[in-house]
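Only one structure is covered here, and it is reproduced in the block below.
2 protein chains.
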Amino acid sequence: MAIETPFITADGIVEIYSEGKFQGIVLIDRLNPPHGTALPGGFMDIGETIEACLKREMSEEIGLDVEIIKLLGLYSDPDRDPRFHTVSAVYVCRAEKFPTAGDDAKSTKVVPLNALEGESFVFDHGKIIADYLMGIPNNPSHPQKEEKEMRS
Amino acid sequence: MAIETPFITADGIVEIYSEGKFQGIVLIDRLNPPHGTALPGGFMDIGETIEACLKREMSEEIGLDVEIIKLLGLYSDPDRDPRFHTVSAVYVCRAEKFPTAGDDAKSTKVVPLNALEGESFVFDHGKIIADYLMGIPNNPSHPQKEEKEMRS
Chain Y
56 MAIETPFITA DGIVEIYSEG KFQGIVLIDR LNPPHGTALP GGFMDIGETI EACLKREMSE
116 EIGLDVEIIK LLGLYSDPDR DPRFHTVSAV YVCRAEKFPT AGDDAKSTKV VPLNALEGES
176 FVFDHGKIIA DYLMGIPNNP SHPQKEEKEM RS
Chain P
56 MAIETPFITA DGIVEIYSEG KFQGIVLIDR LNPPHGTALP GGFMDIGETI EACLKREMSE
116 EIGLDVEIIK LLGLYSDPDR DPRFHTVSAV YVCRAEKFPT AGDDAKSTKV VPLNALEGES
176 FVFDHGKIIA DYLMGIPNNP SHPQKEEKEM RS
């Protein structure tokens, strides 16, 4: 039996804290196509766990040693990546330093939650961030906004 | 760039209810190697979402139209499958009928939660079920046992 399944990536919503105060989440400007604003992340290697992949990608792409908080969800729509079918495992994580661009990131920035609506994202990263802001993975109909208000 | 990532499966912890009363979860006896007791599930096809994969596999393998309750977690240890590196997305779901074996299931059974410890599982399905019983995905150190006691 020849098995073929979609590719897997790990992508991070990285919350940046400075002296205990929440500053915003990390976005990158992609070096490789598709170009545009995205969450940091990348393809999982055979032989590593998905959590190790996430930590490796965050180190390579935004220069941060992140602490994983939780799995936000799995994003698997066949059309979410224009190149091929890719399943993204999205983790919320945190770091205490500011990011520096590397690997597939041309540049990085830390964006406060109330400024995210002005961004234009590649892939389905806008939907992922909307789910993150709602506080409920894959369920945009649940208006749990306290988290946003507390933080901004 | 030649991309190669692990295979992806969707596996189900299917809670069976009869006349509103919880009966247990579905286990299968595997037809194909590795042989033994397992959760139902199977490989994701390119072009389907992970949720569609789960529902298709539950239909093919245990004859049930399941309702997805939540994503329990991602299991991605490189050694969890003796054949090759496979990432399992495990969903808790429910159905109102009893299962019937098909596809990779030689037989099926519905096992009450307090009888699960007597089972001998293939892959890391014993760990997955322990996580499910704890109520906290991927965190066996959190002793949230109320769910188990309420149900048994």
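Sequence order for the protein chains is Y and P.
For the first sequence, the working numbering begins at 56 and goes up steadily by one.
For the second sequence, the working numbering begins at 56 and goes up steadily by one.
Ideal placement from N, C-alpha and C gives every residue a C-beta, glycine not left out.
Note that this is a predicted model, so its numbers are computed, not measured.
Is Lys164 of chain Y helix, strand or coil by DSSP? Looking at Lys164 of chain Y - three-state DSSP - the assignment turns out to be strand.
Could you tell me which whole alpha helix (DSSP H) segments of length 4 or greater appear in the segment 107 to 160 of chain Y? Counting only runs of 4 or more, we get nothing.
Considering just the uninterrupted stretch of the beta strand (DSSP E) at Asp84 of chain Y, what are its terminal residues? Note, Asp84 of chain Y: beta strand (DSSP E), 76 to 85.
Please confirm if Gly102 of chain P has its CB atom under 7 angstroms from at least one CB of chain Y. Closer than 7 angstroms: yes.
Could you give the first and the last residue of the continuous beta strand (DSSP E) run that contains Gly67 of chain Y? In this chain, the beta strand (DSSP E) harbouring Gly67 of chain Y covers 62 to 73.
Report the three-state DSSP secondary structure of Gly91 of chain P (helix, strand or coil). Coil at Gly91 of chain P, not helix or strand.
For a test of the three-state rule: what should DSSP assign to Gly173 of chain P, helix, strand or coil? In the structure shown, Gly173 of chain P sits in a helix (DSSP, three-state: H, G or I).
Got a sec, what are the start and stop residues for the beta strand (DSSP E) Gly97 of chain P sits in? Per DSSP, Gly97 of chain P belongs to the beta strand (DSSP E) from 96 to 98.
Just checking: is the beta-carbon of Phe178 of chain Y within a distance shorter than 7 angstroms of some beta-carbon in chain P? Taking 7 angstroms as the threshold, the shortest C-beta distance from Phe178 of chain Y to chain P does not fall below it.
Count the other CB atoms, across all protein chains shown, that sit within 10 Å of the CB of His30 of chain P; report buried if there are 16 or more and exposed otherwise. Residue 30 of chain P is absent from the structure shown; chain P starts at 56 and stops at 207.
Using CA coordinates, which residue listed in P:Glu151, P:Gly190, P:Leu94 is at the minimum distance from Ile76 of chain P? At residue 76 of chain P the sequence reads Lys, which differs from the Ile that was named. The shortest Cα separation from Lys76 of chain P among P:Glu151, P:Gly190, P:Leu94 belongs to P:Glu151.
Would you mind reading off the limits of the alpha helix (DSSP H) that contains Gly181 of chain Y? Run containing Gly181 of chain Y: 180 to 189, per the alpha helix (DSSP H) assignment.
If we define contact as Cβ-Cβ less than 7 angstroms, is Ser143 of chain P a contact residue for chain Y? No, its Cβ sits nowhere closer than 7 angstroms to a Cβ of chain Y.
Buried or exposed, going by whether 16 or more other CB atoms sit within 10 Å of the CB of Lys125 of chain P? Only exposed fits Lys125 of chain P, as fewer than 16 other CB atoms lie within 10 angstroms of its CB.
Determine whether the Cβ of Phe77 of chain Y lies closer than 7 angstroms to any Cβ atom of chain P. Chain P contact via Cβ: absent.
Residues of its chain near Met205 of chain Y, where Cβ-Cβ distance is below 8 angstroms and the 5 sequence neighbours each way are ignored: In this predicted model, Met205 of chain Y has a pLDDT of only 45, less than 50, meaning its place in the structure is not dependable enough to derive any value.
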